[in-house]
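Position in the sequence shown (first residue = 1) + 314 = our numbering. All C-beta atoms, glycine included, are put in the ideal place defined by N, C-alpha and C. Values in this document were obtained by computation on a predicted structure and should not be read as measured data.
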Amino acid sequence: MRLRLAPGAPAERVAAPAAALVAGIAHAASFAPFGAWWLQTATMAFLVALVLRAQANGGTGAARAAALGFAFGLGWFVAGVAWLYVSMHRYGGMPAPIAALALLLFGAYLALFPAAVCALAMRAAQVAASAPGAAAAVGMVFAGGWALAEIARGYLFTGFPWLAIGYAHVDGPLAALAPLAGVYGVCALAALSAYGIGALATS
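Below, the structure is given as structure tokens:
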């Protein structure tokens, strides 16, 4: 399977972030109560395919990759922590528009982490170019960067570790590695698996 959108075309500039946003919303369904662990891998692989496609945009690749990662993260976190709106509005008495805006802004903050990882991976891809083993090296950068971003998100400004991708795999095959690797090790393995699938989809 190959993505057919022409890089840099106006339709692609709108369609790719929109697709990443929808994929992020679907990504939230990989966590409880839905628990579709395979959806975590599939949606992240789709994001990777979009990010790798952005490499064709030359010098703007890292910026485009960051935008795609941000759109994915925005959909993921706003959908995944929508319960905060209920807490703020229904139980906290916050006016609905303000509660909705607070949720959106918080989701935008959390989306900065996947945006940074996608930009880092794209920069690594641009530096490595066609060097031997470049794809594997970029995959390791993506996986390691994602795990580090999850750790940072869990501690920075008191932290918000909810929805770390490792938690999506409590009922999946990677759960067997959790006692040894921990949740952040599973995060790295899940990201690496998704990167491999996404890279194959665009090769």
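query	result
Leu-361 vs Ala-337 beta-carbon contact at 8 Å	yes
As assigned by DSSP and simplified to three states, the class of Leu-477	coil
Contacts around Val-416, its chain only, beta-carbon distance under 7 Å, and the 5 residues preceding and following it disregarded	The amino acid occupying residue 416 in the given sequence is Ala; Val does not appear at that position. If we look at Ala-416 and ignore the five residues flanking it on each side, its Cβ neighbours are Met-402.
N- and C-terminal bounds of the alpha helix (DSSP H) containing Leu-503	492-516
Supposed contact pair Gly-394 and Ala-430 - C-beta distance, whole angstroms, cut 8 Å	Ala-430 to Gly-394, Cβ: 18 Å. No contact.
Rounded Cβ spacing between Ala-457 and Thr-355 (contact assumed at less than 8 Å)	Wrong, their Cβ atoms sit about 13 Å apart, outside the cutoff.
Inter-residue CB distance, Phe-345 and Ala-466 (contact presumed, cutoff 8 Å)	Not really, about 20 Å apart at Cβ, beyond 8 Å.
8 Å contact criterion, which Val-455 and Ala-438 should meet: CB distance rounded	4 Å
Candidates Ala-381, Gly-473, Phe-427, of which the one nearest Leu-335 by Cα	Ala-381
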